[in-house]
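Notes follow the structure.
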Amino acid sequence: MIEFNRGGPVSLYLHFPFCERKCRYCDFLSGPAGEETREEYIDLLCREIELRAGETLVTDKGAEVVDTIFIGGGTPSLMTPAQAARVMDTIRCCYHVLTDAEISMEVNPGTVDPDKLRGFKAAGIGRLSVGMQSFDDSELRLLGRIHTAAQARETFFAAREAGFNNINLDLMSALPGQNIETWSHTLEVAVSLGPEHISAYSLIIEEGTPLAALLDAGKLPDLPSEEEDRRMYHFTKQFLASKGYRRYEISNYAKAGYECRHNCGYWTGHEYLGLGLGASSYLDGERFKNPDEMDEYRKAVMSTSDSNSLETMRRERQKLTQKDCMEEFMFLGLRMTDGVSEPEFERRFGVKLEDAFGSVLHRHLEQNVVCRTSDHRISLTEYGLDVANYVMADYLL
């Protein structure tokens with residue numbers, strides 16, 4: 040059986056649930072809030088950081104070692120630099136943050152200026168993930184974004200001037216009315232800026248969002264066909280590769296050495312602690328999340344006197360079995376273009392990958408949706424990437 044003997048570094052995810060205006064496609068735990076509410080939330084978040092540090096493993100360095108930090112949302116760039124500095128100072132007081140730790144913050148154009156970006160840099164943020172989504176103003180309006188394409192470019196230039204040399208751009212394809220020509224324009228503008236990383240996701244229209252309601256009412260242009268969506272995906276891979284961006288995960292591309300270490304951790308079973316409203320965690324072989332109602336979160340944090348009583352904050356707890364862990368190793372690891380390592384599978388679980396998933400693996404090899412490399416890794420083929428959801432679902436035992 041797999042044993043959970045945590046001793047290595049962990050990642051921290053901090054959720055900032057506020058935004059200036061909720062986008063039409065968004066079903067995340069987020070929404071508008073005033074300055075007083077945001078300030079109170081920072082108080083709660085810092086208190087939770089302090090409390091959580093008391094329940095995690097203490098090492099010979101005196102505190103839990105942290106190798107990546109990701110501040111997501113919502114729109115974390117609505118924080119003031121002073122609030123960001125307070126959060127980061129609290130983390131450093133409670134954890135041993137490695138000197139080369141990757142520290143990322145999500146930023147939306149229209150919520151920052153040069154002074155604010157310099158403040159984030161001074162607070163210790165080293166990597167920005169900028170929610171551009173598109174460089175076409177009509178597409179930005181359709182999505183309900185608060186910025187224009189020009190403001191998006193200005194945000195990027197201001198980030199460079201503030202000293203950020205590790206910037207990701209989030210882009211979105213398969214939008215209503217979009218075609219290969221408009222998508223290629225967005226990619227060309229993005230590459231011309233010279234970011235270190237590009238995340239290119241296909242839009243998923245979630246039930247209950249304004250975009251879904253508009254689409255159902257026939258008030259939006261048609262979605263691209265499945266064939267057009269595939270064309271966009273293949274064009275993205277080929278175009279970005281020609282510009283020096285290697286696809287290292289189904290939807291993520293990076294220049295050499297700039298892969299997102301935090302997100303790679305999610306796909307490879309690295310442990311992480313989620314802090315803030317509704318944040319999810321994976322520690323000691325257990326998945327759990329925080330309360331996702333503000334009143335419940337506030338009550339839980341303020342009524343907790345020490346780390347021992349934090350157990351009451353954990354929601355949706357799932358203690359993973361060996362079967363669960365083997366499944367996750369496969370269907371998350373296959374998202375990476377390098378695939379999964381057969382020797383690592385055996386090291387973790389005490390059983391050969393072939394013995395655990397032999398029939399599925401042989402079928403996939405015959406169907407040419409996965410391949411086995413010379414260094415004993417299993418990875419998706421180009422065809423496998425096109426049917427990735429089907430392939431990965433087969434590894435649910």
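Just add 39 to wherever you are in the sequence shown, counting from 1, and you've got this note's numbering. Positions of the beta carbon are idealized from the N, C-alpha and C atoms, including for glycine.
Query                                                                                                                                                      : Result
In this structure, does DSSP put Y429 in helix, strand or coil?                                                                                            : helix
Could you give the distance in angstroms between the alpha-carbon of L90 and the alpha-carbon of C410?                                                     : 46 Å
Does the separation of the CB atoms of N329 and R300 fall below 9 Å?                                                                                       : no
Could you give the C-beta distance for R386 and L359, rounded to a whole number, given that I count them as a contact under 8 Å?                           : Wrong, their Cβ atoms sit about 17 Å apart, outside the cutoff.
Near R416, what residues of its chain come up, given a Cβ to Cβ distance below 6 Å and the 5 sequence neighbours on each side ignored?                     : G378 and S380
Mind checking which residues open and close the alpha helix (DSSP H) that includes K362?                                                                   : Q361 to G372
How would you label Y422, buried or exposed, when you count the other beta carbons within 10 angstroms and need 16 or more for buried?                     : exposed
Have a look at L424 and E265 and give me their C-alpha separation to the nearest angstrom.                                                                 : 14 Å
Could you give the residue range of the alpha helix (DSSP H) that holds M211?                                                                              : Note, M211: premise wrong, no alpha helix (DSSP H); beta strand (DSSP E) at I206 to S212.
Can you tell me which of T248, Q190 and V126 puts its alpha carbon nearest to the alpha carbon of D152?                                                    : Q190
Please report the distance separating the alpha-carbon of Q15 from that of H224.                                                                           : Here the chain has residues from 40 to 436 only, and residue 15 is not among them.
Report yes if the CB atom of S168 is closer than 9 Å to the CB atom of S231, and no otherwise.                                                             : no
Which ranges would you report for the alpha helix (DSSP H) in the stretch 321-352 if only whole runs of at least 4 residues count?                         : 333-341
Roughly how many angstroms separate the alpha carbons of A252 and L259, rounded to a whole number?                                                         : 10 Å
Tell me where the alpha helix (DSSP H) around E383 begins and ends.                                                                                        : E381 to F388
Quick check on this structure: which residue in M144, K160, L322 and G283 has the alpha carbon closest to the alpha carbon of E200?                        : K160
Taking the alpha-carbon of C364 as reference, which of D334, R270, L322 and M127 has the nearest alpha-carbon?                                             : L322
Compute the distance between the beta-carbons of P48 and K61, then report whether it is under 9 Å.                                                         : no
Need the endpoints of the alpha helix (DSSP H) that T275 sits in, please.                                                                                  : E265 to S281
Just tell me which of F396, L419, G397 and S413 has its CA closest to the CA of N407.                                                                      : L419
Is it right to say I243 is buried, meaning 16 or more other beta carbons lie within 10 angstroms of its own, or is it exposed?                             : exposed
Which same chain residues end up closer than 6 Å to G315 when comparing Cβ atoms and leaving out the 5 residues on each side of it in sequence?            : L53, H54 and L84
Out of curiosity, what's the CA-to-CA distance linking G165 and S413?                                                                                      : 36 Å
Could you pull out every residue in the same chain whose Cβ sits closer than 8 Å to the Cβ of K294, ignoring the five residues on either side in sequence? : E235, H236, G283, Y284 and R285
Pull up the distance between the alpha-carbon of K268 and that of G183, whole angstroms please.                                                            : In the sequence on display, residue 268 carries Asp and not Lys. Cα to Cα, the separation comes out at about 21 Å.
Measuring only the C-alpha atoms, how far is S116 from A318?                                                                                               : 18 Å
Taking D82 as the reference, give the member of M118, R63 and G113 with the closest Cα.                                                                    : M118
Determine the closest residue to T194 out of T248, M375, T138 and T150, with distance taken between C-alpha atoms.                                         : T150
Anyone know if the C-beta pair for S143 and I110 falls short of 9 Å?                                                                                       : yes
Should Y321 be listed as close to the ligand COA, given that the test is whether its C-beta is under 8 Å from any heavy atom?                              : Inclusion of the ligand COA in the displayed structure is not the case, the ligand content being empty and no account of it being possible.
Could I get the ranges of all uninterrupted alpha helix (DSSP H) runs contained in the stretch 281-309, with 4 residues as the minimum, in chain order?    : 300-307
Please classify T114 as buried or exposed, where buried requires at least 16 neighbouring CB atoms within 10 angstroms.                                    : buried
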